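Participant:
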Amino acid sequence: MGNNLSIHAKPILKWAGGKSQMLKYILPLIPNYSGRYIEPFLGGGAVYFALNPDNAIISDSNPELINMYRQVADNVESVITYLNKYKNDKELFYAVREQVWENLPKAEAAARMIFLNKTCFNGLYRVNKKGMFNTPFGNYKNPVICDEDRLRNASKILSKATLVCGDYLDVLKSYAKSGDFVFLDPPYVPVGKYGDFKRYTKEQFYDHNQIELADEVKRLVNLGCYVILTNSNHPLCRELYSEFKYEVVPTRRSISSDSKTRCGEDIIVIGEPNVAVISAEKGRIENYPPTRYMGSKSKLLNEIWDAISKYEVNTVLDLFSGSGIVSYMFKCKGMTVLSNDYMAMSATFTKAMIENNHTHLNEHEAKELLCEPSIVDTFVSDTFKDLYYTDEDNHTIDILRTNINQMKDEYKQAIAKTALIRACMKKRPRGIFTYTGHRYDDGRKDLKLSFETQFLNAVELVNKAVFNNGKSNKSFNNDAMTLDCQNVDLVYIDPPYYSPTSDNEYVRRYHFVEGIARNWDGVEIQTNTKTKKFKNYPTPFSTKTGAYQAFDDLFYKYKDSILLVSYSSNSLPSKDEMINLLQKYKKCVDVIPINYTYFFGNQRDAKTHRNNVEEYLFLAI
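For the sequence shown, this note's numbering assigns the number 887 to the initial residue and increments by one for each residue that follows.
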């Protein structure tokens, strides 16, 4: 439980729109949440005090109100001392009302606010357009100005919370996370001609603000939050929250000048977290198996997410998925992911962990794949003898290949093949196949593990990465230039970088594991080469002219989607040229530079030669 329903304290202010009367309707609706309690329109805090949550973020845009709560939380005895000096006197009231609270000691400013609240008309906190408190004297006979017990009890509860002064949107976007419970009690849609009577801050809350709030509620539930919102039972509210469950409850409005409007109706909107997002929480980005893969964006995930998180994105196309880590991040964020790569090994990764939502390969099944069948396809042992692995390891690879190719379940097969590819890369110094032997042995402990252990460890890691985000994700193994995936919200483009100083031949580096993924079907091994590589797949990104044209074609093809392009400062097209290409089809192009270090193994003195360059994210809307 994220909350405690015992009532240990009551509100310390009378507050227009306070929820004390509605607690009997609200409290039974409080969910069993796992995160924090967040209330960004705190006001009198009736729900907060009633719940007494252990972990809370409470806030309001009213700085005087937040100062008062902070002082009660941290300095309650001083507040009590100041309060005891005040009397229920009309002349004193107006003299105190004229004070500028910011010029007072913080504890005295807190006491002033409580005093004015207890002695003004109806406890109404109202300010004019200049932000000055302007409620008249209340003419009460004997108001309780200083309730010491109530203040001390409130202090105990408030001291546990994080108090924030700020706009509700800023607070929610900074703090709200999946599993949190958010209670929203905004300024209501007016139900009478005197609806502006209670002005909590100098800023107003208009219809467009209500629409903005409804959009935020939708964002919160898609984020995985529980939400309860109260508002007037007004046609606008019913329209804005028509997709949610809500209850209509009677209420009594103590502030209305018209007795006929004091009895009214409120709605309580109940927003339950998106099930897909809650499920997605099981899929953490850190669960994705690390792979030593050229061009992997594993270190740039935060920057990629920051670039697009502010936009409404439900479907994303990852055109050049590579290691699959970016696609996996999008899946963890609850999006529908279409993942593509021309490399079969990359498509195998995303088949196993992006498209696959449910299937696992259990330990028994994995060990069975290591058992030698009556007939073994010895292609690896025959073709790659003495090149990359020992004879024993080559034989193990052939056993696994033979058994995996007989598997009927496409997802179990993808998991097994992914594990085999990973084991092959882990057993190679530097994880690539551009050289033979072990002259680049980097001393990793991985290299000393048996191939069988590497495979079983890899199966376990891939299984751990499998989760259901509630979406129908898809893995493709197609040419990005001919793939037909239209009507997506976001297209992420991270192609092979064309650079005059280095090559972008992925097949040359990974031909052996790419062969495993394809079972060497449809490829031509160049037997005259020392590494027994096969011919590279044709790609327009291998030449300067081809890269320019390919980008232009892709930008035109996906001009109706948000475009996010990863590219490097040492590659072509240049930054300015990329901007010009994007501006042909998009109105707004933002460039996000990221300091990054690339390691190019094909360069002279590769062990010490590093290229410090800038990675660019081009965001085109």
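Where is the CB? At the ideal position from N, CA and C, for every residue including glycine.
Computed from a predicted structure; not experimentally measured.
Can you check which of these residues, L1505, S1045, G921, N961, is closest to F935 by C-alpha distance?
Facilitator: By 1-based counting over the sequence shown, the position of residue 935 is 49. The candidate whose alpha carbon is nearest that of F935 is S1045.
Participant: Suppose contacts are defined by Cβ-Cβ distances below 8 Å. Is I912 in contact with I1153 by that definition?
Facilitator: Counting from 1 along the sequence shown, the entry for residue 912 is found at position 26. Counting from 1 along the sequence shown, the entry for residue 1153 is found at position 267. For I912 and I1153, no; Cβs fall outside 8 Å.
Participant: Which word fits Q1412, buried or exposed, when buried means at least 16 other C-beta atoms lie within 10 angstroms of its C-beta?
Facilitator: By 1-based counting over the sequence shown, the position of residue 1412 is 526. Classification for Q1412: exposed.
Participant: Tell me which same chain residues have a C-beta within less than 8 Å of the C-beta of A942, skipping the five on either side of it?
Facilitator: Here the question's residue 942 lines up with position 56 in the sequence shown. Contacts found: R922, Y923, I924, E925, Y934, K1046, A1047, T1048.
Participant: Roughly how many whole angstroms lie between the Cα atoms of L1335 and I1307?
Facilitator: As a working note, residue 1335 is residue 449 in the sequence shown. As a working note, residue 1307 is residue 421 in the sequence shown. So the alpha carbons of these two residues sit roughly 15 Å apart.
Participant: Relative to the alpha-carbon of M1215, which residue among E1151, N1039, Y1228, E1189 has its alpha-carbon at the smallest distance?
Facilitator: Taking the sequence shown and counting its residues from 1, the one referred to as residue 1215 is at position 329. Ranking the options by Cα distance to M1215, first place goes to E1189.
Participant: Decide if H1397 is buried, meaning its Cβ has at least 16 other Cβ atoms within 10 Å, or exposed.
Facilitator: Taking the sequence shown and counting its residues from 1, one reaches residue 1397 at position 511. With 16 or more other Cβ atoms within 10 Å, it is buried.
Participant: Please go through the same chain and pick out, in chain order, the residues whose beta-carbon is closer than 8 Å to the beta-carbon of E1151, but skip the five residues on each side of it.
Facilitator: Here residue 1151 refers to the residue found at position 265 of the sequence shown. Closer than 8 Å at the Cβ level, and outside the excluded window around E1151, lie S1118, N1119, V1134, V1135, P1136, T1137.
Participant: Going along the chain, which residues of its own chain have a beta-carbon closer than 6 Å to the beta-carbon of C1371, five neighbours each way excluded?
Facilitator: By 1-based counting over the sequence shown, the position of residue 1371 is 485. Here the set comprises L1203, L1224.
Participant: If you count every other CB in all the chains shown that lies within 10 Å of the CB of K1079, and 16 or more means buried, which is it?
Facilitator: The sequence position of residue 1079 within the sequence shown is 193, counting from 1. With a pLDDT of 46 at K1079, under the threshold of 50, the modelled position of that residue is not reliable, and the figure given next carries that caveat. Exposed.
Participant: Taking the CB atoms as reference points, tell me whether L1106 and L1055 lie closer together than 8 Å.
Facilitator: By one-based count along the sequence shown, residue 1106 stands at place 220. By one-based count along the sequence shown, residue 1055 stands at place 169. No; because the gap between Cβ atoms is not below 8 Å, this pair is not in contact.
Participant: Under three-state DSSP, which class holds A1047?
Facilitator: On the sequence shown, position 161 is the one that residue 1047 refers to. Coil.
Participant: If we require 4 or more residues per run, which alpha helix (DSSP H) segments fall completely within the segment 892-962?
Facilitator: Correct list: 909-912, 932-937.
Participant: Do you know whose CA, among F927, N1364, H1250, G903, lies nearest A1233's CA?
Facilitator: Counting from 1 along the sequence shown, the entry for residue 1233 is found at position 347. Ranking F927, N1364, H1250, G903 by Cα distance to A1233 puts N1364 first.
Participant: The beta strand (DSSP E) that contains V1113, what's its start and end?
Facilitator: As a first step, residue 1113 is located in the sequence shown; it is residue number 227 there, counting from the start. Unbroken beta strand (DSSP E) run through V1113: 1112-1118.
Participant: Alpha carbon to alpha carbon, how far is T1417 from Y1321? Give it in angstroms, no decimals.
Facilitator: Taking the first residue of the sequence shown as 1, we reach residue 1321 at position 435. Taking the first residue of the sequence shown as 1, we reach residue 1417 at position 531. Those two C-alpha atoms are separated by around 6 Å.
Participant: Would D1375 and S1447 be called neighbours here (beta carbons separated by less than 8 Å)?
Facilitator: For the purposes of this step, residue 1375 is identified with residue 489 of the sequence shown, where counting begins at 1. For the purposes of this step, residue 1447 is identified with residue 561 of the sequence shown, where counting begins at 1. The answer is yes: Cβ separation under 8 Å.
Participant: Taking T1005 as the reference, which of A993, P1121, N1020 has the closest Cα?
Facilitator: Here the question's residue 1005 lines up with position 119 in the sequence shown. Nearest option by C-alpha distance: N1020.
Participant: By how many angstroms is the C-alpha of E977 removed from the C-alpha of C1032?
Facilitator: Here residue 1032 corresponds to residue number 146 of the sequence shown, with the count starting at 1. Here residue 977 corresponds to residue number 91 of the sequence shown, with the count starting at 1. Taking the straight line joining both Cα atoms gives about 19 Å.
Participant: Counting only the same chain and skipping the five closest in sequence on each side, list residues whose C-beta sits under 7 Å from that of L969.
Facilitator: Residue mapping note: residue 969 aligns to position 83 of the sequence shown, counting from 1. Within the same chain, L969 has close Cβ partners A997, I1000, F1001, I1031, C1032.
Participant: Could you check what DSSP says for S1145 in three-state terms: helix, strand or coil?
Facilitator: As a position in the sequence shown, residue 1145 is number 259, starting the count at 1. With a pLDDT of only 45 at S1145, under the threshold of 50, the placement of this residue in the model should not be trusted; the figure read from the coordinates follows. In the structure shown, S1145 sits in a helix (DSSP, three-state: H, G or I).
Participant: By alpha-carbon positions, which one of K1350, I944, T1425, G1432 ends up nearest to N1248?
Facilitator: On the sequence shown, residue 1248 is found 362 positions in, with the first residue counted as 1. Checking every option, the nearest Cα to that of N1248 belongs to K1350.
Participant: Using a 10 Å radius around the Cβ and a threshold of 16 neighbouring Cβ atoms, would you call Y1444 buried or exposed?
Facilitator: Taking the first residue of the sequence shown as 1, we reach residue 1444 at position 558. So Y1444 counts as buried.
Participant: So Y1214 is in the alpha helix (DSSP H); what residue range does that whole segment cover?
Facilitator: Within the sequence shown, the letter at position 328 stands for residue 1214. Element bounds for Y1214: 1211-1218.
Participant: With the cut-off set at 8 Å, would you say N1280 and L1255 are in Cβ contact?
Facilitator: Here residue 1280 is taken as the residue at index 394 of the sequence shown, counted from 1. Here residue 1255 is taken as the residue at index 369 of the sequence shown, counted from 1. It is not a contact, given that the beta carbons lie outside the stated cut-off.
Participant: Going along the chain, which residues of its own chain have a beta-carbon closer than 6 Å to the beta-carbon of I1097, five neighbours each way excluded?
Facilitator: As a working mapping, residue 1097 is identified with position 211 in the sequence shown. Same-chain partners within the cutoff: there are none.
Participant: Under 8 Å Cβ to Cβ from R1287, same chain only, skipping five residues before and after it: list those, please.
Facilitator: If you number the sequence shown from 1, residue 1287 lands on position 401. Hits under 8 Å: D1263, F1265, V1266, L1306, I1402, N1405.
Participant: Could you say which of L1458, W901, L1449 lies nearest to G1432 if we only look at CA atoms?
Facilitator: For the purposes of this step, residue 1432 is taken as residue 546 along the sequence shown, with counting starting at 1. Nearest of L1458, W901, L1449 to G1432, Cα basis: L1458.
Participant: So I1402 is in the alpha helix (DSSP H); what residue range does that whole segment cover?
Facilitator: By 1-based counting over the sequence shown, the position of residue 1402 is 516. Per DSSP, I1402 belongs to the alpha helix (DSSP H) from 1392-1404.
Participant: Please classify R1395 as buried or exposed, where buried requires at least 16 other C-beta atoms within 10 Å of its C-beta.
Facilitator: Counting from 1 along the sequence shown, the entry for residue 1395 is found at position 509. With 16 or more Cβ atoms within 10 Å of its Cβ, R1395 is classed as buried.
Participant: For V1077, I'd like the list of residues in its chain whose CB is within less than 7 Å of its CB, leaving aside the five on either flank, ordered along the chain.
Facilitator: Locating residue 1077 in the sequence shown gives position 191, where the first residue counts as 1. Cβ within range, chain order: S1118, H1120, T1147, G1150.
Participant: Name, in chain order, the residues that DSSP records as bridge partners for N974.
Facilitator: As a position in the sequence shown, residue 974 is number 88, starting the count at 1. Its beta-bridge partners do not exist; DSSP assigns none.
Participant: If you draw a straight line from the C-alpha of D1192 to the C-alpha of L1186, how long is it?
Facilitator: Within the sequence shown, numbered from 1, the residue matching residue 1192 stands at position 306. Within the sequence shown, numbered from 1, the residue matching residue 1186 stands at position 300. Using only the alpha carbons, I get a separation of about 10 Å.
Participant: Less than 8 Å between the beta carbons of F1441 and L1450, yes or no?
Facilitator: Locating residue 1441 in the sequence shown gives position 555, where the first residue counts as 1. Locating residue 1450 in the sequence shown gives position 564, where the first residue counts as 1. In this structure, L1450 does not lie closer than 8 Å to F1441 by Cβ.
Participant: In the DSSP assignment, what residue or residues form a beta bridge with Y1378?
Facilitator: Residue 1378 sits at position 492 when you count from the first residue of the sequence shown. D1204, L1450, per the DSSP bridge assignment.
Participant: Which residue's Cα is closest to the Cα of Y1275: F1337, H1244, A1366, Y1423?
Facilitator: The residue you call residue 1275 lines up with position 389 of the sequence shown. Checking every option, the nearest Cα to that of Y1275 belongs to F1337.
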